[in-house]
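Structure first, then comments.
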Amino acid sequence: MAKQLIVKIPEIIQQRGISLRELSRLTDIRHAALSELVNAKRQNINFQYIERIAKVLEISDIREIIDLVDINKEA
């Protein structure tokens, strides 16, 4: 079965009441880079970005930010 990496940043920032632009400012990550990450437009994930996001949002479990899920190839 195929796997897909899911970035859960939109849910996190919505729960915390901050915008992507504010997250960009807090993490010192370009807004465009965060937008590409959130919208699955990036082929690679910069784990330094994930570390910065986790630190700023006080997240200790990486699975709160990214997850690996099964996808059905037959769809």
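In full-length UniProt numbering, the protein residues as written are 1 to 75. Heads up, the beta-carbon is just placed ideally off N, CA and C, and yes, glycines get one too.
Asked	Found
Would a C-beta distance cut-off of 8 Å place D67 and I6 closer than the cut-off?	yes
From K8 to R21, what distance separates their C-alpha atoms?	16 Å
Between the Cα of Y49 and the Cα atoms of E58, L37 and Q43, which residue gives the shortest distance?	L37
Report buried or exposed for I45, applying the criterion of at least 16 other Cβ atoms within 10 angstroms of its Cβ.	exposed
Evaluate E62 with the Cβ neighbour count: other Cβ atoms within 10 Å of its Cβ, from every protein chain shown; 16 or more gives buried, anything less gives exposed.	Looking at the sequence itself, residue 62 is Ile, so the reference to Glu does not match. Classification of I62: exposed, given that the 10 Å Cβ count is below 16.
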